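See structure below.
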Amino acid sequence: GAVVSQHPSRVICKSGTSVKIECRSLDFQATTMFWYRQFPKQSLMLMATSNEGSKATYEQGVEKDKFLINHASLTLSTLTVTSAHPEDSSFYICSAPGTGEVMNTEAFFGQGTRLTVV
Amino acid sequence: AQSVTQPDIHITVSEGASLELRCNYSYGATPYLFWYVQSPGQGLQLLLKYFSGDTLVQGIKGFEAEFKRSQSSFNLRKPSVHWSDAAEYFCAVPYSSASKIIFGSGTRLSIRP
Numbered sequence: 025g026a027v028v029s030q031h032p033s034r035v036i037c038k039s040g041t042s043v044k045i046e047c048r049s050l051d052f053q054a055t056t057m058f059w060y061r062q063f064p065k066q067s068l069m070l071m072a073t074s075n076e077g078s079k080a081t082y083e084q085g086v087e088k089d090k091f092l093i094n095h096a097s098l099t100l101s102t103l104t105v106t107s108a109h110p111e112d113s114s115f116y117i118c119s120a121p122g123t124g125e126v127m128n129t130e131a132f133f134g135q136g137t138r139l140t141v142v
Numbered sequence: 101a102q103s104v105t106q107p108d109i110h111i112t113v114s115e116g117a118s119l120e121l122r123c124n125y126s127y128g129a130t131p132y133l134f135w136y137v138q139s140p141g142q143g144l145q146l147l148l149k150y151f152s153g154d155t156l157v158q159g160i161k162g163f164e165a166e167f168k169r170s171q172s173s174f175n176l177r178k179p180s181v182h183w184s185d186a187a188e189y190f191c192a193v194p195y196s197s198a199s200k201i202i203f204g205s206g207t208r209l210s211i212r213p
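Protein chains in written order, with the working numbering: chain Y, 25 to 142; chain G, 101 to 213.
Next up, the structure:
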């Protein structure tokens, strides 16, 4: 199956700094990627849709100025948490839709990034 | 709007015992349904999916799920659990496409030795 690689897997940063998380589709192109957030002991919530060549689409309640999304190429989307605060500590995970015969029939997830803001 | 409900927050079963995790869906049309597993600190792995056809779906790791339209359910089953099955399990449906997912609240599975 298709592989989505997410980096870093864990990051600890100081409050007020920014952190960039990368999501790459390794063996296929993804014009769209999705970013989710998971707080401890909670489910995954869709944050935004990353679109190659256009602006990201954010879900209601997600601050676009705080969570900057850039879909730099057909294989890379980045999520930057700006001016991070302890309440931003969470598990962030990206996904990309399949292509070809599995177009729009499955999502492939990265390994996730555990962000801790101290 | 489509949604899924997982009524059980936490389930503990003995190793070797059978397992059933419940999932109820709300969906306007014929649903697409998924079960994902998340091991501690890990990403998500697709266990199985239902799009159409046979209502009993076989997945990886010995899991299966049965789609029951009359009950709006898509319960996950395994005849004999292993300690390595301890994880968080999510039932899910798509937003507008099968790659943009709405997740249920999850069921945490613990295995009793």
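Even glycine gets a Cβ: it sits at the ideal position worked out from N, Cα and C. Note that the structure is predicted; figures quoted are calculated from it, not measured.
Cα-Cα separation, residue i to residue j
i              : j              : result
F134 (chain G) : A120 (chain Y) : 16 Å
M127 (chain Y) : Y132 (chain G) : At M127 (chain Y) the pLDDT is 42, less than 50, meaning the model places this residue with poor confidence; the figure from the coordinates comes in the next sentence. Approximately 14 Å between the Cα atoms of the pair.
Y136 (chain G) : V193 (chain G) : 11 Å
T104 (chain Y) : S210 (chain G) : 35 Å
A60 (chain G)  : T106 (chain Y) : One cannot answer for residue 60 (chain G) here, as it falls past the ends of chain G, which runs 101 to 213.
C37 (chain Y)  : D112 (chain Y) : 11 Å
Q138 (chain G) : S42 (chain Y)  : 27 Å
Q62 (chain Y)  : G143 (chain G) : 11 Å
Q135 (chain Y) : A26 (chain Y)  : 13 Å
G141 (chain G) : F52 (chain Y)  : 26 Å
T112 (chain G) : A186 (chain G) : 9 Å
G122 (chain Y) : I201 (chain G) : 13 Å
W92 (chain Y)  : S78 (chain Y)  : Note that residue 92 (chain Y) is Leu in the sequence shown here, rather than Trp. One C-alpha to the other measures close to 13 Å.
A96 (chain Y)  : C47 (chain Y)  : 11 Å
L98 (chain Y)  : R208 (chain G) : 35 Å
G110 (chain G) : K65 (chain Y)  : The sequence shown places His at residue 110 (chain G), rather than the Gly named in the question. C-alpha separation (whole angstroms): 11 Å.
T81 (chain Y)  : S101 (chain Y) : 13 Å
F167 (chain G) : Y127 (chain G) : 13 Å
N94 (chain Y)  : N175 (chain G) : 38 Å
For residue i: DSSP bridge partner residues
i              : result
E188 (chain G) : G:Q138, G:R208
K22 (chain Y)  : Shown here, chain Y extends from 25 to 142; a query on residue 22 (chain Y) therefore has no answer.
Q145 (chain G) : G:V137
M69 (chain Y)  : Y:R61
L50 (chain Y)  : Answer is none; L50 (chain Y) lacks a bridge partner.
K168 (chain G) : G:S173
Neighbourhood of residue i by C-beta distance below 8 Å, restricted to the same chain and skipping five residues each side
i              : result
T137 (chain Y) : Q30, H31, P32, S33, R34, V35, I45, F115, Y116, I117
F133 (chain Y) : V28, I117, C118, S119
F203 (chain G) : V104, Y136, F190, C191, A192
Cβ shell of residue i (< 6 Å), same chain only, five flanking positions each side left out
i              : result
T55 (chain Y)  : E76
S172 (chain G) : N124, Y125
S39 (chain Y)  : H109, V141
E130 (chain Y) : G122
S180 (chain G) : G116
Q158 (chain G) : E164
Under 7 Å from the C-beta of residue i: neighbouring residues of chain B
i              : result
L139 (chain Y) : Protein chains Y and G are contained in the structure displayed, whereas chain B is not.
Own chain residues within Cβ distance below 7 Å of residue i, not counting five before or after
i              : result
L70 (chain Y)  : F58, Y60, E83
S114 (chain G) : R212
Worksheet item: Is it true that the stretch 105-112 of chain G meets the stretch 140-160 of chain G, where meeting means three or more beta-carbon pairs spaced less than 8 Å apart?
Response: no
May I ask you to verify whether the stretch 114-129 of chain G touches the stretch 57-64 of chain Y, counting CB pairs closer than 8 Å and requiring at least 3? no
So, does the stretch 81-90 of chain Y touch the stretch 159-176 of chain G, judging by three or more C-beta pairs under 8 Å? no
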